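At the far end of the sequence shown sits residue 252, using my numbering, and the numbering has no gaps.
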Amino acid sequence: MKKLFLSVLMLVFAFQVFAQDQEAAIDASKPTNFYTLLDNQLEYNAGSQQVGYRASIMYSPREKHLLMGELPILHNLNSKFTGLGDIRMRYFYLPHKDYSKVLGAFGPSIDVYAPTGDFNKGLGSGRWIVAPGITAGILVTDWISFFPVLSYMYQSQRMVATDPESVKKFGDPREMHGMSFQLITPIVFSERFFSMITPVIQMPDFRNGQTNLACEFMAQYALTPKAQISGFYKTDQRMGNIFRLGMTFYL
Numbered sequence: 002m003k004k005l006f007l008s009v010l011m012l013v014f015a016f017q018v019f020a021q022d023q024e025a026a027i028d029a030s031k032p033t034n035f036y037t038l039l040d041n042q043l044e045y046n047a048g049s050q051q052v053g054y055r056a057s058i059m060y061s062p063r064e065k066h067l068l069m070g071e072l073p074i075l076h077n078l079n080s081k082f083t084g085l086g087d088i089r090m091r092y093f094y095l096p097h098k099d100y101s102k103v104l105g106a107f108g109p110s111i112d113v114y115a116p117t118g119d120f121n122k123g124l125g126s127g128r129w130i131v132a133p134g135i136t137a138g139i140l141v142t143d144w145i146s147f148f149p150v151l152s153y154m155y156q157s158q159r160m161v162a163t164d165p166e167s168v169k170k171f172g173d174p175r176e177m178h179g180m181s182f183q184l185i186t187p188i189v190f191s192e193r194f195f196s197m198i199t200p201v202i203q204m205p206d207f208r209n210g211q212t213n214l215a216c217e218f219m220a221q222y223a224l225t226p227k228a229q230i231s232g233f234y235k236t237d238q239r240m241g242n243i244f245r246l247g248m249t250f251y252l
């Protein structure tokens, strides 16, 4: 009986050590590391005068696959309306991942935004947006790496008035084909704390060749192996400034 009791204790201890190792293995600094998680973000968008909450669920059934759904609940400070924003869905496939090489990861993805937010109430874009893209991971050192993302952008026609005054106020409502390039740059300070700097250049419409510049800054700190807090700031040449405060739970 004593031997059985000791064996059970050793088994429990080994399981706890294994579980701790598994928890410590979470590395959210690389966007090509896939996890199942719930992300909660409080947001203030100075450009569109929106405040709200974004809930994102990411599900990784296997190491090479990631599914994501995002549900925003927004309030427009100008129109005083509250409701559902544009829902976002994403699929990411990663056929290559080997961090021992300089080209540590490579794979395609597709982002889809559905116009579920009421454009007339200032809660949505009024367009379908579909953006297939390619992501690569360039590993430089243990503390810094680069993840360039090149995407094609399709934006459906917005169902609004096309008179000059409306176009000046809301932008070109026509169907658009364009592209975007961003360079996600994680900087790791410790096992618990990292930041990301992401410069972005967009050409929303190939017809006029105009570009839009933006830059994102994010910092994330692990409170526990499965709970992390984050701060986010984006400055956008066309859309203004966005601030977010988040809490992520790994499931």
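Where is the CB? At the ideal position from N, CA and C, for every residue including glycine.
None of these values were measured; they are calculated from a predicted model.
TODO: Measure the alpha-carbon distance for K235 versus P62 and round it to whole angstroms.
DONE: 31 Å
Task: Burial state of S8 (16 or more Cβ within 10 Å) - done: Because the pLDDT at S8 is just 49, under 50, the model does not fix this residue reliably, and the value given afterwards should be weighed accordingly. Classification for S8: exposed.
Open item on the list: Rounded to whole angstroms, what is the Cα-Cα separation between K102 and D143?
Closed with: 12 Å
Task: Nearest-angstrom Cα separation, counted from M204 out to A20 - done: Note that A20 scores a pLDDT of 44, beneath 50, so its modelled location is shaky; the value from the coordinates is reported in the next line. In a straight line, the C-alpha of A20 is about 46 Å away from that of M204.
- [ ] Could you say which of F190, T199, T117 and E176 lies nearest to L151 if we only look at CA atoms?
- [x] T199
TODO: Return the first residue and the last residue of the beta strand (DSSP E) that Q221 is part of.
DONE: N213 to T225
Open item on the list: If distances are taken between C-alpha atoms only, which option among G108, Y92 and M59 comes closest to D99?
Closed with: G108
- [ ] Go ahead and pull the three-state DSSP assignment for N121.
- [x] helix
Task: Neighbour-count burial assignment, P32, 16 or more Cβ in a 10 Å radius - done: buried
Open item on the list: With three or more beta-carbon pairs closer than 8 Å as the criterion, would you say the segment 34 to 51 touches the segment 218 to 226?
Closed with: no
TODO: Would you tell me roughly how many angstroms separate the C-alpha atoms of L252 and M69, rounded to the nearest one?
DONE: 14 Å
Open item on the list: Quick check on DSSP: helix, strand or coil for P203?
Closed with: The sequence as given places Gln at residue 203; Pro does not occur at that position. Strand, per DSSP.
Task: Whole-number beta carbon distance between G179 and M207, since they are thought to touch under 8 Å - done: Here residue 207 is Phe; the residue named in the question, Met, does not match the sequence. Contact flag correct, Cβ pair sits at about 6 Å.
Open item on the list: So if DSSP puts D237 in a beta bridge, which residue, or which two residues, is it bridged to?
Closed with: A215 and G241
Task: Pair within 8 Å by beta-carbon distance, G48 and H76 - done: no
Open item on the list: Let me check one thing: in DSSP terms, what residues is M180 bridge-paired to?
Closed with: Y153 and M204
TODO: Use the C-beta contact count for Y114: other C-beta atoms within 10 angstroms, 16 or more gives buried, fewer gives exposed.
DONE: buried
Open item on the list: Could you tell me which whole beta strand (DSSP E) segments of length 3 or greater appear in the segment 90 to 122?
Closed with: 104 to 115
- [ ] May I ask you to report which of helix, strand or coil DSSP gives Q50?
- [x] coil
Open item on the list: To the nearest angstrom, how far is the alpha carbon of Q51 from that of F233?
Closed with: 16 Å
TODO: Just confirm the distance between the C-beta atoms of S231 and A220, as a whole number of angstroms; I'd bet it's less than 8 Å.
DONE: 7 Å
TODO: Confirm, please, whether the CB-CB distance from I188 to S196 is below 8 Å.
DONE: yes
- [ ] Run the CB neighbour count on F250, radius 10 Å, all protein chains shown included, and call it buried at 16 or more, exposed below.
- [x] exposed
Open item on the list: I believe R239 touches Q42 by the beta-carbon criterion, under 8 Å. Please report the beta-carbon distance rounded to the nearest angstrom.
Closed with: Not quite, the Cβ-Cβ distance comes to about 21 Å (not below 8 Å), so this is no contact.
Open item on the list: Going by DSSP in three states, D40 sits in which element: helix, strand or coil?
Closed with: strand
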